[in-house]
Structures are given as structure tokens and as C-alpha cells.
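Enquirer: Got a structure for you, questions after.
2 protein chains.
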Amino acid sequence: MPAAARYGDPSLQLEGLNDVLRSQLGRRSVRAFTDRPVTDAELTALIAAAQSAPTSSNLQPWSVIAVRDPARKARLAVLAGDQDFVARAPLFLIWVADLGRARRLAARAGTRVDATDYLETTVIGFVDTALAAQNAVVAATSLGLGSVFVGAVRNHPEQIAAELGLPPHTVAAFGLAVGTPDPTEQADVKPRLPQAAVLHHEQYDAPAADAHIATYDERLTAYNTRFGLPGNWSDRVLARLHGPASMAGRHHLRAILERLGLPSR
Amino acid sequence: MPAAARYGDPSLQLEGLNDVLRSQLGRRSVRAFTDRPVTDAELTALIAAAQSAPTSSNLQPWSVIAVRDPARKARLAVLAGDQDFVARAPLFLIWVADLGRARRLAARAGTRVDATDYLETTVIGFVDTALAAQNAVVAATSLGLGSVFVGAVRNHPEQIAAELGLPPHTVAAFGLAVGTPDPTEQADVKPRLPQAAVLHHEQYDAPAADAHIATYDERLTAYNTRFGLPGNWSDRVLARLHGPASMAGRHHLRAILERLGLPSR
Numbered sequence: 004m005p006a007a008a009r010y011g012d013p014s015l016q017l018e019g020l021n022d023v024l025r026s027q028l029g030r031r032s033v034r035a036f037t038d039r040p041v042t043d044a045e046l047t048a049l050i051a052a053a054q055s056a057p058t059s060s061n062l063q064p065w066s067v068i069a070v071r072d073p074a075r076k077a078r079l080a081v082l083a084g085d086q087d088f089v090a091r092a093p094l095f096l097i098w099v100a101d102l103g104r105a106r107r108l109a110a111r112a113g114t115r116v117d118a119t120d121y122l123e124t125t126v127i128g129f130v131d132t133a134l135a136a137q138n139a140v141v142a143a144t145s146l147g148l149g150s151v152f153v154g155a156v157r158n159h160p161e162q163i164a165a166e167l168g169l170p171p172h173t174v175a176a177f178g179l180a181v182g183t184p185d186p187t188e189q190a191d192v193k194p195r196l197p198q199a200a201v202l203h204h205e206q207y208d209a210p211a212a213d214a215h216i217a218t219y220d221e222r223l224t225a226y227n228t229r230f231g232l233p234g235n236w237s238d239r240v241l242a243r244l245h246g247p248a249s250m251a252g253r254h255h256l257r258a259i260l261e262r263l264g265l266p267s268r
Numbered sequence: 004m005p006a007a008a009r010y011g012d013p014s015l016q017l018e019g020l021n022d023v024l025r026s027q028l029g030r031r032s033v034r035a036f037t038d039r040p041v042t043d044a045e046l047t048a049l050i051a052a053a054q055s056a057p058t059s060s061n062l063q064p065w066s067v068i069a070v071r072d073p074a075r076k077a078r079l080a081v082l083a084g085d086q087d088f089v090a091r092a093p094l095f096l097i098w099v100a101d102l103g104r105a106r107r108l109a110a111r112a113g114t115r116v117d118a119t120d121y122l123e124t125t126v127i128g129f130v131d132t133a134l135a136a137q138n139a140v141v142a143a144t145s146l147g148l149g150s151v152f153v154g155a156v157r158n159h160p161e162q163i164a165a166e167l168g169l170p171p172h173t174v175a176a177f178g179l180a181v182g183t184p185d186p187t188e189q190a191d192v193k194p195r196l197p198q199a200a201v202l203h204h205e206q207y208d209a210p211a212a213d214a215h216i217a218t219y220d221e222r223l224t225a226y227n228t229r230f231g232l233p234g235n236w237s238d239r240v241l242a243r244l245h246g247p248a249s250m251a252g253r254h255h256l257r258a259i260l261e262r263l264g265l266p267s268r
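Order-wise, the sequence lines are chains A and B.
Those letters in the first sequence? Residues 4 to 268, by our numbering.
Those letters in the second sequence? Residues 4 to 268, by our numbering.
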């Protein structure tokens with residue numbers, strides 16, 4: 004009953020699920036991996052899936068760095084919030100929002116791509132990178148691989164860029180640790196907000212949607228308690244978004260993007 | 004041979020593909036639909052898949068508006084670049100980067116979520132919305148539905164917000180037209196850059212990657228010629244990113260986000 008776990012609601016059943024949907028609903032974040040390497044054939048499949056995602060005007064404004072070198076993974080783990088599982092994952096993919104390729108095309112053609120100076124184009128870069136990476140997540144799951152995104156590569160984007168030799172007009176958007184799941188890891192499918200809290204019909208109805216948050220707080224508290232974690236959803240959201248002190252340095256992102264050649268005009 | 008079509012390279016074969024990967028590699032954008040409605044059960048499945056995507060710190064900073072009303076779809080079609088297929092799709096999903104839910108939580112709790120004022124948090128909003136929406140695309144494909152993203156909802160974000168009754172601190176990130184593919188549509192899998200142009204090992208190597216662009220220009224020219232479209236990839240990228248005049252008004256995005264309550268500090 005993948006829908007029941009996904010929503011933390013034992014009574015919930017969805018009709019018409021197929022194998023793909025069951026796989027998607029059953030996805031969980033994996034942070035513990037066996038020693039088995041990710042093969043070149045698996046990596047090729049993940050990237051082919053990623054490239055098959057939609058992309059605005061076929062711009063394909065992203066690149067990806069496959070890191071397997073243990074020393075580099077260890078350095079990246081420190082930069083990305085000192086998260087050991089990054090070093091222990093057999094493969095760490097860094098997904099790069101890449102306006103540099105277009106800039107280099109323009110330089111070779113002796114023309115300009117001034118649109119790359121605008122926040123809109125940076126947004127396209129991040130969004131298209133995310134669409135691609137999520138396709139890789141789905142592909143990994145289908146191959147029996149586990150994964151987890153690592154947004155903490157944005158804690159120190161300039162050091163990450165130096166480590167990876169990133170050219171101007173590119174930025175590490177997020178990482179993805181990939182490997183064979185360690186079957187002893189204590190983790191499960193995390194319940195999400197009731198569908199009625201996020202899905203609106205014809206127009207946004209905030210009171211109707213927000214009325215479902217109290218139920219969700221109860222369900223997530225029950226889930227967290229199973230893993231010894233404190234707090235309901237609302238409290239954790241409020242703590243995470245409280246202010247600059249809760250952002251691990253990422254409140255400087257706009258200035259850092261400017262220095263990396265991605266100004267937010 | 005889904006890999007051959009995806010890369011426009013008749014000789015290419017990938018080993019180890021499964022049904023999920025074959026479905027992903029074979030995805031194409033669908034802009035022509037039959038009259039068959041998207042059922043409520045299908046919509047529920049798409050949103051459950053979307054909610055199963057990863058999300059930073061479980062923030063779930065997105066909402067989605069399902070639009071089926073013909074008059075509203077017609078108005079949205081005009082606002083989104085006057086693209087008729089938006090009105091003809093049986094279902095138009097508007098994916099909303101939503102920091103409003105957290106702001107409302109904070110207001111009810113009498114506290115602050117100052118992190119929502121920063122570009123970093125807006126980026127999280129767009130990225131997590133994209134991860135969710137791509138899962139819906141995969142789910143739709145698995146159900147035999149076709150889809151295409153519509154970035155042009157960012158041409159006039161304030162008018163879109165008014166049409167959909169969006170609350171403060173939210174913005175329509177992109178649309179997704181969904182329906183049963185019209186079998187007579189002239190369209191195919193669009194070839195992407197060779198994998199060696201986007202995948203790097205350990206460090207970014209721009210000269211090695213960019214060396215594959217000339218081959219891709221030839222392949223995309225061959226593909227475009229089949230559909231009566233002019234130009235190779237490089238020329239189309241340079242035209243699309245030339246400057247504000249090529250951005251359909253979206254060079255104002257930063258100022259518009261500020262007015263919608265998503266400042267880019």
C-alpha cells in the first residue's frame with residue numbers, strides 16, 4: 004500500500020497504480036550504501052534518463068560531474084555540511100546549472116547572450132537541472148539504486164566550484180549521492196502533506212488547503228517518533244526558515260552567484 | 004532503440020535498459036490532445052507521484068492548480084504566450100513555487116520566517132517544484148498521457164497570479180499541459196547533446212565537452228529538417244539568449260518576484 008505510507012494514512016488506497024507509480028510512491032532517501040560500485044553502464048543510463056527530461060527551448064543548461072575519487076568525495080563531504088554519507092556513497096553526482104556553455108558558444112561566434120545576466124535565465128538553469136536530476140532519481144530507483152539529494156553544496160558554492168574546476172557562469176545546484184542501499188539503514192518512506200493541502204482546483208484556496216496541516220502534523224509526529232526525532236512538521240519548517248542563522252551561509256547565495264558569473268539582474 | 008533516437012545517433016545502443024528507462028528515453032513533448040478528459044483518478048496519481056519526489060528539509064514548498072474550465076484555460080493560453088494548445092489540453096496544471104504556506108504558518112504562530120526573503124529560498128521553491136513536476140511527467144507517461152511544460156506562464160506572472168487567486172509569497176513557476184496524445188501529431192523524440200558534452204568525470208573539462216557540439220549541431224539540423232524547422236542548435240541557443248528582446252518580458256522577473264512577495268535578497 005504505497006499510498007498509505009506516502010501519506011501516513013493507513014486507510015488510504017489509490018486506484019489504478021502501475022509499476023512506475025508504485026516505484027515513485029515507494030521512493031525514500033537513502034543515506035547508507037553498500038560497498039558495491041555504481042557501474043559505468045548504470046551511470047550512462049542515469050545520465051541518458053536525465054537528458055530525456057524536458058528542457059526550456061532545448062537549451063539544456065546543465066552539466067553533471069561524476070565524482071568517485073575517495074579523496075575528492077571526502078573534501079566535498081566536508082564542504083557540503085560535513086555529511087559523512089557523501090564520502091561513503093560510491094558515486095556523488097554534482098548537478099551544475101550551466102550558462103557557461105552558451106556563453107562559450109557566444110564568445111566563439113563573436114556575439115552576445117545578454118539574457119544570461121538575468122534572474123529568469125538563472126531560474127531556467129536551476130529548474131532544468133532539477134528536471135534532469137529527478138529523472139536520474141527515478142532511473143536509479145528502477146535499477147535498484149538508492150539516492151539522496153544534497154542541497155548543502157550551496158553552503159560553499161565557490162569552494163565547490165574550485166574543487167570541481169567549474170568554469171565561469173556555472174554553479175553547483177545540488178549533489179546526488181548514489182549507491183546500492185544498505186539494507187540495515189533505519190529509514191522509511193516519509194509521509195507528505197495530504198493531497199488536499201497542495202492541490203487546488205481552478206483557483207488557490209488557502210483556508211481550505213491549510214486546514215489539512217493539523218492532521219499532517221499529527222502524522223509526521225508519529226513518523227518522527229518512530230525514528231527518535233522530535234517535532235511536528237510546522238515546528239520544523241518554522242525553525243528551518245527562521246532566518247539567516249538557520250541557512251548555513253546560503254543567505255549569501257545572490258552575491259555568490261554574481262561572483263560566479265550568474266548575476267540576478 | 005530509444006537511445007539512438009534520444010541522441011540522434013543511429014549506431015548508439017545502451018545496455019541494461021528496463022521498462023522505466025525505455026519510457027523515460029522515449030518521452031516526447033505532446034502539444035496535441037484528443038478530447039478524452041484526464042480523470043480524477045489520473046490526476047490523483049499524478050499529484051501523489053509529484054509529492055513523492057524529494058524536497059529540501061521536507062519543506063514541500065509548492066502547490067499546484069488543476070485547471071479544467073475551458074474559459075480559464077483560454078485566458079491562461081493568451082497570457083502564456085498565446086499558445087492555443089494550452090486551451091485545447093483537457094488539463095492544465097500550474098505548478099506554484101509556494102513560500103506562502105510557510106509565511107501563513109509563521110503568522111499563525113506569531114513568529115517570523117525571514118529566510119523566505121532570500122534568493123536561496125526562492126531557488127529551493129523553484130527546484131522543489133521542478134522535482135515534483137518531473138515526477139508527474141514520468142507518471143503521466145506511464146499512464147499513456149502526454150504532456151509539455153509551459154515556461155511562458157512566467158511572461159506575465161502577476162496576471163497569472165490574479166487569474167488563479169494566488170496568495171502573497173507564491174508564483175506560478177511553469178505550467179504543464181496534460182492529455183491523451185493525438186496520434187496524428189507530427190512530433191518525435193528530440194535528440195539531445197552527446198552524453199560526453201554534459202557528463203564530466205571528477206572535474207569539469209570545457210574543451211573536451213564542447214568538442215561534441217559540432218556533431219550535435221549536425222544531428223539537430225537533420226532532426227529539424229524533418230519537421231521543416233530551420234537552424235542548428237547553436238544558432239537557436241544564441242538567438243533565444245540574445246538579450247532582453249528575446250525574453251518575452253521575463254527579464255523583469257526579479258522585480259515581479261519582489262512585488263509578489265518573493266524578494267531576492
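No residue lacks a Cβ here, since even glycine has one placed at the ideal position from N, Cα and C.
Within 10 angstroms of the Cβ of Pro-13/A, are there 16 or more other Cβ atoms? Answer buried if so, exposed if not.
Expert: Flag for Pro-13/A reads exposed.
Enquirer: Are the segment 226-238 of chain B and the segment 140-156 of chain B touching by the rule of at least three beta carbon pairs closer than 8 Å?
Expert: no
Enquirer: Taking 7 Å as the CB-CB cut-off, is His-203/B touching chain A?
Expert: yes
Enquirer: Let me see if you follow: with CB-CB separation under 7 Å, is Ala-80/A close to chain B or not?
Expert: no
Enquirer: Count the C-beta pairs between the segment 189-208 of chain A and the segment 9-26 of chain A that are closer than 8 Å, then say yes if the count reaches three, no if not.
Expert: yes
Enquirer: Closer than 7 Å, CB to CB, is Asn-158/A near chain B or not?
Expert: no
Enquirer: Going along chain A in order, which residues have a C-beta closer than 9 Å to the C-beta of Arg-75/B?
Expert: Glu-205 and Gln-206
Enquirer: Taking 7 Å as the CB-CB cut-off, is Asp-220/A touching chain B?
Expert: no
Enquirer: Count the other CB atoms, across all protein chains shown, that sit within 10 Å of the CB of Gly-147/B; report buried if there are 16 or more and exposed otherwise.
Expert: exposed
Enquirer: Between the segment 122-140 of chain A and chain B, which residues of the former have CB atoms less than 9 Å from a CB of the latter, in chain order?
Expert: The residues in question are Leu-122, Glu-123, Thr-124, Thr-125, Val-126, Ile-127, Phe-129, Val-130, Asp-131, Thr-132, Ala-133, Leu-134, Ala-135, Ala-136, Gln-137, Asn-138 and Val-140.
Enquirer: Consider the Cβ of Asn-227/B: report whether some Cβ of chain A lies at a distance smaller than 7 Å.
Expert: Not one beta carbon of chain A lies nearer than 7 Å to the beta carbon of Asn-227/B.
Enquirer: Counting contacts by CB-CB distance shorter than 7 Å, is Ala-118/B in contact with chain A?
Expert: yes
Enquirer: Return yes when the Cβ of Gln-162/B is within less than 7 Å of the Cβ of Leu-256/B, no when it is not.
Expert: no
Enquirer: Within a Cβ cutoff of 8 Å, which residues of the same chain sit near Ala-7/A, ignoring the five residues on either side of it in sequence?
Expert: Pro-13, Ser-14, Leu-15 and Gln-16
Enquirer: I want to see whether chain B comes within less than 7 Å of Ser-55/A, judged by CB atoms only; does it?
Expert: yes
Enquirer: Please confirm whether Ile-68/B has its beta-carbon closer than 7 Å to some beta-carbon of chain A.
Expert: yes
Enquirer: What number of angstroms, rounded off, separates the C-alpha of Gln-223/A from the C-alpha of Ala-135/B?
Expert: Looking at the sequence itself, residue 223/A is Leu, so the reference to Gln does not match. About 20 Å.
Enquirer: Whole angstroms is fine: what's the gap from Asp-185/B's alpha carbon to Val-151/B's?
Expert: 13 Å
Enquirer: Work out the CA separation of Ala-199/A and Tyr-207/B for me, nearest whole Å.
Expert: 43 Å
Enquirer: Quick check: Val-23/B and Ser-145/A, are their CB atoms within less than 7 Å of each other?
Expert: Contact check for Val-23/B against Ser-145/A passes: the beta carbons are separated by less than 7 Å.
Enquirer: Which parts of the segment 145-170 of chain A are runs of the alpha helix (DSSP H), unbroken and 4 residues or longer, counting only runs that do not cross its ends?
Expert: 160-167
Enquirer: Can you tell me whether DSSP reads Thr-187/B as helix, strand or coil?
Expert: coil
Enquirer: Let me make sure I understand the geometry here. Which of Gln-54/B, Ser-59/B, His-203/B and Glu-188/B has the alpha-carbon closest to that of Gly-349/A?
Expert: With chain A represented from 4 up to 268, any question about residue 349/A goes unanswered, as that position is not in the structure.
Enquirer: Can you give me the Cβ contacts of Arg-243/A inside the same chain, cut-off strictly under 8 Å, excluding the 5 residues immediately before and after it?
Expert: Ser-249
Enquirer: Would you mind telling me which residues of chain B sit closer than 9 Å to Met-250/A, beta carbon to beta carbon, in chain order?
Expert: Chain-order list of chain B residues neighbouring Met-250/A: Ala-118, Tyr-121, Glu-123 and Thr-124, by C-beta distance under 9 Å.
Enquirer: From what residue to what residue does the alpha helix (DSSP H) around Thr-47/A run?
Expert: Where Thr-47/A is concerned, the enclosing alpha helix (DSSP H) stretches over 43-54.
Enquirer: Look at the alpha carbon of Arg-229/B and the alpha carbon of Pro-197/B, and state the distance between them as a whole number of angstroms.
Expert: 20 Å
Enquirer: Skipping 5 residues on each side, what residues in its chain have a beta carbon closer than 8 Å to that of Thr-187/B?
Expert: Excluding residues within five positions, the ones whose Cβ falls inside 8 Å are Ala-35.
Enquirer: Relative to the C-alpha of Ala-105/A, which candidate in Leu-96/B, Ala-251/B, Ala-258/B and Asp-213/B has its C-alpha closest?
Expert: Asp-213/B
Enquirer: Give, in chain order, every residue of the segment 12-38 of chain A whose Cβ lies closer than 9 Å to some Cβ of chain B.
Expert: Leu-17, Glu-18, Gly-19, Leu-20, Asn-21, Asp-22, Val-23, Leu-24, Ser-26, Gln-27, Leu-28, Gly-29, Arg-30 and Ser-32
Enquirer: What is the DSSP secondary structure of Phe-88/A, reduced to helix, strand or coil?
Expert: helix
Enquirer: How is the alpha helix (DSSP H) around Ala-251/A delimited, first residue to last?
Expert: In the DSSP assignment, Ala-251/A falls outside any alpha helix (DSSP H), carrying neither H nor E.
Enquirer: Within the chosen definition, does the segment 97-114 of chain A reach the segment 109-119 of chain B through at least 3 CB pairs nearer than 8 Å?
Expert: no
Enquirer: Check whether the Cβ of His-254/B lies closer than 7 Å to any Cβ atom in chain A.
Expert: yes
Enquirer: Starting from Gly-178/A and walking both ways along the beta strand (DSSP E), at which residues does that stretch end?
Expert: 173-182
Enquirer: Compare the beta carbon distance of Thr-119/A and Leu-108/A with 7 Å and say whether it is the shorter of the two.
Expert: no
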